[in-house]
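**Student:**
Residue numbers (my numbering), protein chains in the order written: chain A, 7 to 273; chain B, 169 to 468.
Set out below in C-alpha cells:
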C-alpha cells in the first residue's frame, strides 16, 4: 500500500472508506425496510401526496409521480436527495484533502522532496478518489440489491447499477471541483466550502426547476440534472448525460494539473 | 565542471514582501556549505527555490547545472532534503515512512539505511505520532541521507536534536564530504556552522552579506572576552595587543573584544595570574556587526 501516491492515498482513506461503506449499506437497508409499508398503503399515501404542495415535495423528492412503485420509491427516498448528499460529502472530503489537505498539514514538502512530478501527484490522487468513489458506489449497490430482495421489492438490478454509476459520476464532479480548487489555492477549508456551496446551489437549481419557472433555464447547467434528469433507474444510463458528468470531472482534473503546476507551494 | 548549486541574482517577492533580493551563490561539488542567517532572512526561501517548491520572481537557480524548474524531477532524484518545518506522516511507522520514500525514489540500499537508523538510534517500529520532537528530526535526517544523494540540503538540521544526535549528525556530514558529495545546510547557529562547514554564506534580509571560508570568517570574528586575574592589572598592557579593543579594567577584571585569533591576548595575559576566562560566542548580530561595523576594510 506504500508503493506509490495512488495506493498511499487509498491506504490513508481505508478506515473512512470502510465506515462510509457501512453507513451507506445501513441507509440502503433501513430505507428499504419502509418499502413494504408504503406499498401496502398505496392509496392513502397517494392522497396525502396530492394534498402536499408540489414545490415543497420537489425540494427533497423531485418530481414525485408514484412513490409506491419500486422505482418511484427508490428515486424519491434515496436517489434524489440522500444518496447524492452523502456521495458529495465523501468525494468533496477526499478531493479537498488530496492536495490542499496534505499541503496544510505540511507533508507536501516531504512528498515532493522525492523525484515525483507534481502532475503525477495530482493524477494519482485523482485516480484514488475515482477508485474510492466507485468502491463506495459498488457497496451501496450491493446493499440495495440484497436489501430489495429481502423486502421483496421487484427492481432491475442492472438499472440499479446504472443509477449508482450516475451517482458516482455526480459525486466525482464535486470531488474533482474540491480537488481542483485545493490544487489551485492550497486551502482545504475553502475548497470544501466552495464545492459544497456550489453543490447546494446546483441541487436547488435542478430540484426546483420543474416547480419554479424562473429556474427552468438554469437546470441545464446543473450537474444534478445530468445525474437524474433522464431517470436512469427507469431508462438506464443516459450516455450523453453521463458523458457530461465525466467530461466535467476530466475538465476539472485538467484545471487542477495546470494550476498546481504553476503556483508556489505554501509553507 | 558544474557546481552543485548556482544561483544568479535570485529575487523572490511574496506579494509586496521581498524575501530574496538578488542572491547569487555558487556551491562547489564536494564542499560543506553553510547558509547562515537569522530567522526570516531568506534561507528557507532559497532552499525552496532550489527544490522547485516555489518559483523565483527573478533570476535563475541551477542544481548540478540543471534548471531548478525545468529539471526538477532529475534534481530531486539526486538531492536529499530535510525541511526546516519537518512534518511527517503521523499515522505511519518510521519503517513505513522510509518504505514509502524508498518506493518513490525507486529503491534504496536498505542495509545502509538500517545502519544509519541504528547510528541515530531511531526506533523505526514506532508510529511517528508517538515520537518526541528530536526523534522525529532523526527520522527526517534518515530520509535526507538514506538514498546517499549527491547533494544533501538541510534546513536547520539540528533543531531539537540531543547532543548525541548532533554529534552523530556532524559525523554523517563529514562522511558525505569524504565521499565527495555535497552538503548545503542552513542554520542560525554560528558555532554549528563553524564546526561542520567549509564555506559560509551570510544572509540577511534577503541579501548576501558575505561568502567566506570558515577560516576567514573566524579570523574576522569579534569575540567578547572577560578575564579574571588574581590581582589588579594595568589596562595599557592590554590595549596595545594585536586584535584587542574596547579594553576596560575594573580592579582585577578585564573585559575586551578580540578580533580573530586569541593568541596574542592569551600570551600577554599569561604574564599575570589568570583565575578565569569567560569567552562569549559571538551572536549572529555581532557577526553582522563585524561585517558592517567597519571591522574590516577588505569586504569582497
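We treat Cβ as the ideally placed atom computed from N, Cα and C, and that holds for glycine.
Nothing here was measured: the structure is a model prediction, and the numbers come from that model.
Mind checking residue 40/A: buried by the 16 CB within 10 Å criterion, or exposed?
**Tutor:** exposed
**Student:** Going along chain A, which residues have a C-beta under 7 Å from residue 295/B?
**Tutor:** Neighbours of residue 295/B on chain A: none; closest Cβ ~14 Å, over 7 Å.
**Student:** Let me see if you follow: with CB-CB separation under 9 Å, is residue 462/B close to chain A or not?
**Tutor:** Only weak support exists for where residue 462/B lies, its pLDDT of 45 falling under 50; the coordinates are left without a value.
**Student:** Verify whether the separation of the beta carbon atoms of residue 373/B and residue 196/B is less than 9 Å.
**Tutor:** no
**Student:** On the criterion of 16 or more Cβ atoms from any shown chain inside 10 Å, does residue 247/A qualify as buried, or is it exposed?
**Tutor:** buried
**Student:** Just checking my contact of residue 180/B with residue 228/B at CB under 8 Å: how many whole Å lie between their CB atoms?
**Tutor:** In fact, because the Cβ distance is near 12 Å, the residues do not count as touching under 8 Å.
**Student:** Using only the alpha-carbon positions, how far apart do residue 194/A and residue 447/B sit?
**Tutor:** Answer to the nearest angstrom: the Cα atoms are 51 Å apart.
**Student:** Which residues in the same chain as residue 188/B place their Cβ atom closer than 6 Å to its Cβ, once the five residues preceding and following it in sequence are excluded?
**Tutor:** These residues qualify, in order along the chain: 178, 179, 180, 210, 213 and 374.
**Student:** When the distance is taken between beta carbons, is residue 9/A closer than 9 Å to residue 271/B?
**Tutor:** yes
**Student:** Counting contacts by CB-CB distance shorter than 9 Å, is residue 121/A in contact with chain B?
**Tutor:** yes
**Student:** Under the three-state reduction of DSSP, which class applies to residue 120/B: helix, strand or coil?
**Tutor:** Here chain B covers residues 169 to 468 and nothing more, so residue 120/B does not appear.
**Student:** For residue 178/B, which beta-bridge partners are listed by DSSP?
**Tutor:** 191/B
**Student:** Would you mind listing the alpha helix (DSSP H) stretches within the region 173-259 of chain A that are 4+ residues and don't spill past its ends, in chain order?
**Tutor:** 194-214, 229-234 and 238-241
**Student:** Could you spell out where the beta strand (DSSP E) holding residue 413/B opens and where it closes?
**Tutor:** 412-418
**Student:** Considering Cα atoms alone, identify which of 28/A, 22/A, 270/A and 19/A is closest to residue 147/A.
**Tutor:** 28/A
**Student:** Put residue 394/B into one of helix, strand or coil per three-state DSSP.
**Tutor:** strand
**Student:** With DSSP as the reference, label residue 240/B as helix, strand or coil.
**Tutor:** helix
**Student:** Going by the CB atoms, is the gap between residue 114/A and residue 105/A shorter than 9 Å?
**Tutor:** yes
**Student:** Just to confirm the assignment: which complete alpha helix (DSSP H) runs, minimum length 4, are found wholly within the region 75-155 of chain A?
**Tutor:** With a minimum length of 4 residues, the continuous alpha helix (DSSP H) runs that stay inside the region 75-155 of chain A are 76-80, 88-102, 108-111 and 114-118.
**Student:** For residue 224/B, does the count of other Cβ atoms within 10 angstroms reach 16, so buried, or fall short, so exposed?
**Tutor:** buried
**Student:** Hey, quick one: how far does the alpha helix (DSSP H) through residue 268/B stretch, first residue to last?
**Tutor:** 262-272
**Student:** Give a yes or no on whether the minimum CB-CB distance between residue 112/A and chain B is below 9 Å.
**Tutor:** yes
**Student:** For chain A, find out if any of its Cβ atoms is closer than 9 Å to the Cβ of residue 240/B; answer yes or no.
**Tutor:** yes
**Student:** Spell out whether any CB of chain A is found under 9 Å from the CB atom of residue 456/B.
**Tutor:** No, residue 456/B lies away from the interface with chain A (no Cβ there is under 9 Å from its Cβ).
**Student:** Considering Cα atoms alone, identify which of 226/B, 357/B and 327/B is closest to residue 192/B.
**Tutor:** 226/B
**Student:** Quick one: Cα of residue 266/B to Cα of residue 293/B, how far?
**Tutor:** 11 Å
**Student:** Could you say which of 242/B, 311/B and 351/B lies nearest to residue 262/B if we only look at CA atoms?
**Tutor:** When each option's Cα is compared against that of residue 262/B, the closest is 311/B.
**Student:** Helix, strand or coil for residue 48/A per DSSP?
**Tutor:** helix
**Student:** For the alpha helix (DSSP H) that contains residue 18/A, what are its first and last residues?
**Tutor:** 11-18
**Student:** Residues of chain A with CB under 7 Å from residue 222/B, in chain order?
**Tutor:** 270 and 271
**Student:** From residue 229/A to residue 92/A, what distance separates their C-alpha atoms?
**Tutor:** 15 Å
**Student:** Quick check on residue 466/B: buried or exposed, where buried means 16 or more other Cβ atoms within 10 Å of its Cβ?
**Tutor:** Low confidence applies to residue 466/B: its pLDDT is 39, below 50, so where it sits in the model is not reliable, and the reading given next is rough at best. Flag for residue 466/B reads exposed.
**Student:** Per the contact definition of three or more C-beta pairs closer than 8 Å, is the region 379-388 of chain B in contact with the region 350-368 of chain B?
**Tutor:** yes
**Student:** For residue 315/B, is the classification buried or exposed, using 16 other Cβ atoms within 10 angstroms of its Cβ as the cut-off for buried?
**Tutor:** buried
**Student:** If the cut-off is 7 Å on Cβ atoms, which residues from the region 240-252 of chain A count as contacting chain B, listed in chain order?
**Tutor:** none
**Student:** Short of 7 Å in beta carbon distance, which residues of its chain neighbour residue 462/B, apart from the five on each side in sequence? Order them along the chain.
**Tutor:** Because residue 462/B carries a pLDDT of 45, less than 50, the predicted location of this residue cannot be relied on, and the following value inherits that uncertainty. Closer than 7 Å at the Cβ level, and outside the excluded window around residue 462/B, lies no residue.
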